[in-house]
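Just so you know, the sequences run in chain order A and B. Per my numbering, the very first residue in the first sequence carries number 9; after that it's consecutive. Per my numbering, the very first residue in the second sequence carries number 3; after that it's consecutive.
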Amino acid sequence: MSAAKKAIIEQLQQELLLLHGFKPPSNTTVQMGLGALEKAFPNAVFPTGAIHEFLSDAVEHTAATGGFVAGLLGHLMQRGGACIWISATRTLFPPALKAFGVIPDQVVFVDLQREKDVLWATEEALKCEGLAAVVAELKDISFTASRRLQLATEQSRVTGFLLRHQPRDLNAIACVARWRITPLASMADNGMPGVGFPRWQVGLVKVRNGKPGAWQVEWAANRFRVITENTALPNPVRIRKIG
Amino acid sequence: MAKRFVAIWFPHLLTDWLVIRRPELQHLPFVVAAPDHGRLVITAASKTAQAQGIHAGAVVADARALIPDLQVFNNRPGLAAQLLSALCKWCIRFTPTAAADLPDGLLLDASGCAHLWGGEAPYLDDIAARLKAYGYHIRIAMAGTIGAAWAAARYGQPVSVIHSGHEARTLSALPPAALRLDPLILERLQKLGLSRISTFIEMPRAVLRRRFGPELLYRLDQALGREDEALQPLEPVQPWQERLPCLEPILTATGIGIALERLLTVLCSSLQQKGKGLRTAVLKAYRLDGKIEQVQAGTHRASHNVAHLLKLFEHKIAAIEPDLGIELFILEAPDVEDVAPQQETLWTTGCSLESIGLAQLADRLAGKAGAPAIRRYLPLPHYWPERSIQATASFTEKPVTGWPTDHPRPIQLLPRPEPVEVSAPIPDYPPMLFRYKGALHNIKKADGPERIEQEWWLEAGPHRDYYIVEDEAGRRYWLFRLGHYSGSEPPRWFIHGFFA
């Protein structure tokens, strides 16, 4: 393929991304400090103003996800916006957020009784312009409901995080990325004894217009540190319908 | 129009109030007393006690010598002022301008009011009869000046009307104390044998001023109407309320919505003019069958934004049952606060906790889920994890202490610690393995112990020794051992949280 052709294709890809709502990096984009991981996203920019889905199967995974999301929130909230954390089954302990760069009293917690109310509250919160982020702990969400959330974020440019703990059905939803965070054994510096900085296996299972992959990420000295380069996830076995 | 003033005197204000509350005291001698310099001094004596020679200012011990079974009640400071202000509020039915006259009287500006009762005598009789029916002993007088009314109420006939211009004649017969004078001046007048106002009212003013100072002349002038005197009237609280009577009974939700919007528009514009906003709004719907339907909405910060308030009521309208129809809507704002006008920003940098957008979102959420569902957490100066945070509903409250960062805390905390089976090599060492929910975890790395003592002044119990542990799969837990090791029983271990 000639260089001219490549340039044309790249330009066309850029235009397509713009139509999809992915803007090229500018001075208003939030630096997430994810380093090599951000290359997986279109334009190599962590997409804000969109819905991210996080899956977890065990309580320990939820804790790891909570830590990673708290790290993202810390970056998102640096511009002075508040964050809303909506849940029906919350076990998050606010003082721990401080270690991830979030001021815990800047987070508004909404504790509801039913999952249905969580969905409604999330949509209302995502419509509120200027919020740094909305975090919702939701078990199950239908594709239609996720479309509504997506439309709300497109209007308000608020970033939404859906934390799905043991979802009954792993259905496709309208989101920009699907993550799966699992804990990894920590490494203390210089062979010191004791538990080191939190370290996770960050898996980008799905990412729209990007390259999925898996990274080892550590939260050290108030910032993310990507330890390993992208180790591509094993390709999911595709079942083709024949006939 | 000629000014007319009414003075009401309650000679037994405190004791009357006690008798009203406890009718069995009516014919018993009792006193109200307050401690003063180590003794109990009587501040008020009941009518029966006064008849037996006990007056305010005496010592309770002396009074007990006279009446052995004298009942003594504690004096509540400020009670008289409280009672007078309540009575003053009650008097607004007789005149719009009523003032409390501490310590034991009321002053009403009755100019142009008496004709509604058919004259001044029936007016006074009505006030006196109603107050007497409540159980108060009163003396009441009406005059053209405050001073004359005050004097006549205390030293004249029990119910007396003094016509304007006749003040001097009435005052002449009264003692000088009726002029509201300083006790020093009264004493001097007494020494000179001037026991009636008539004895000095005709004296040259220069002489009076030289002998008694300017106050006597000032008070005399006030009583005679030569000097103006103003009342400090009680200002009735303006209720924030709007009414909308309907010509035809309203039956539909749309109709209720329109009524609500109209009421809110009027109420909010009047709130806005005064620079206020409402925190609570109550819509009352009076039905044809006499029942009252009521819905309520609350806001997180005072607001006079019609569109926002209408949204809060949106899904509450369905709770109103019109039945046969609603004939009257009343919108009340019982909770009103000052609103600081917000400066518009050209570039909104973010929706912080103080911004209106977040408050309106919180109102909408609270309207559906209830106000306690929305909270923030503030740090408390406690190490015990359950007590280290405090939930608050306010968005403006600032933390008193900083968030502690010296000890790591788990991102997930169990609502209550769950017991785990543990095998630990030796005391004060982290465990080697533990079993939680059937799964065995081999501990590879551990930090600790962090000893957190139970705060004995809040709750009794053993301390906790916390360990941060990591198992072979990299999962991190927060375990603790309750209390000290003892030879007799195995230590109890618990899991309390999960680290990220």
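Ideal Cβ placement from N, Cα and C applies to all residues, glycine included.
At which residues does the beta strand (DSSP E) containing LEU146/A begin and terminate? From DSSP, LEU146/A is part of no beta strand (DSSP E); its letter is neither H nor E.
Span separating the alpha-carbon of HIS69/A from that of ARG437/B: 18 Å
Select from GLU18/A, ALA58/A, ASN51/A the residue whose C-alpha is nearest the C-alpha of LEU134/A. ALA58/A
Locate the alpha helix (DSSP H) running through TYR125/B, then write down its first and last residues. 122 to 136
With ILE497/B and LEU484/B assumed to form a contact (beta carbons below 8 Å), what rounded beta-carbon distance in angstroms separates them? That pair is no contact at about 12 Å.
Contact check, LEU262/B vs LEU285/B under 8 Å by CB: the rounded distance? 6 Å
Any beta carbon of chain B sitting closer than 9 Å to that of CYS136/A? yes
Candidates ARG494/B, ALA304/B, ILE358/B, GLY300/B, of which the one nearest GLU339/B by Cα: ALA304/B
Would you say GLY499/B reaches chain A, if we count a Cβ-Cβ gap shorter than 9 Å as a contact? yes
What whole-angstrom Cβ distance do GLN414/B and VAL67/A have, given they're in contact under 8 Å? 7 Å
Within 9 Å of any Cβ in chain A, is that where the Cβ of PHE482/B sits? no
Three-pair Cβ contact test at 8 Å for the segment 141 to 154 of chain A versus the segment 94 to 105 of chain A: yes
For ASP65/A, go through chain B and note every residue whose CB falls closer than 8 Å to its CB, in chain order. None at all; the shortest Cβ gap to chain B is about 12 Å.
With H, G and I counted as helix, E and B as strand and the rest as coil, what does DSSP make of GLY74/A? helix
Answer with buried or exposed for GLN362/B, where buried requires no fewer than 16 other C-beta atoms within 10 angstroms of its C-beta. buried
Can you tell which of LEU460/B, GLN456/B, GLY476/B, GLU474/B has the C-alpha that lies nearest to the C-alpha of TYR468/B? GLN456/B
Can you tell me whether ILE309/B is buried or exposed? The criterion is at least 16 other CB atoms within 10 Å of its CB, across all chains shown. The amino acid occupying residue 309/B in the given sequence is Ala; Ile does not appear at that position. ALA309/B comes out exposed.
Whole angstroms are fine: how far does the CA of GLU334/B sit from the CA of LEU253/B? 21 Å
Cβ of THR407/B less than 9 Å from any chain A Cβ? yes
What in chain B is Cβ-close to GLN114/A, meaning under 9 Å? SER354, LEU355, ARG378
Pull out every residue of the segment 117 to 131 of chain A whose Cβ sits closer than 8 Å to any Cβ of chain B, in chain order. PHE117, VAL118, ASP119, LEU120, GLN121, ASP125, TRP128, ALA129
Per DSSP, which one or two residues make a beta bridge with ASP449/B? ILE470/B
Short of 7 Å Cβ to Cβ, which residues in the segment 44 to 74 of chain A face chain B? VAL67, GLU68, THR70, ALA71, ALA72, GLY74
Apart from the five residues just before and just after LEU192/A, which ones in its own chain have a Cβ nearer than 8 Å to its Cβ? ARG207, TRP208, GLN209, GLN224
Check the Cβ of ILE470/B against every Cβ in chain A and list those closer than 9 Å, keeping chain order. GLY202, VAL203
So is TRP459/B buried or exposed if we call it buried at 16+ other beta carbons inside 10 Å? exposed
Start and end of the beta strand (DSSP E) containing GLU226/A? 221 to 228
When burial is assigned at 16 or more other CB atoms within 10 Å of the CB, is HIS83/A buried or exposed? buried
Sequence-distant residues of its chain with Cβ nearer than 7 Å to HIS57/B (five each side left out): ALA47
Can you tell me whether DSSP reads ASN76/B as helix, strand or coil? strand
Residue-chain proximity (ALA196/A, chain B), Cβ-Cβ < 9 Å: yes
The alpha helix (DSSP H) that contains THR172/B, what's its start and end? 169 to 174
Interface residues of chain A around ARG366/B at Cβ under 8 Å? GLU132
Note down, in chain order, each residue of its chain lying with its Cβ closer than 6 Å to the Cβ of GLN243/B, except the 5 sequence neighbours on either side. GLU334
Should ALA185/A and ARG216/A be called a contact, given that it needs their Cβ atoms to be closer than 9 Å? yes
Within 8 Å, do at least three Cβ pairs link the segment 22 to 39 of chain B to the segment 51 to 68 of chain B? yes
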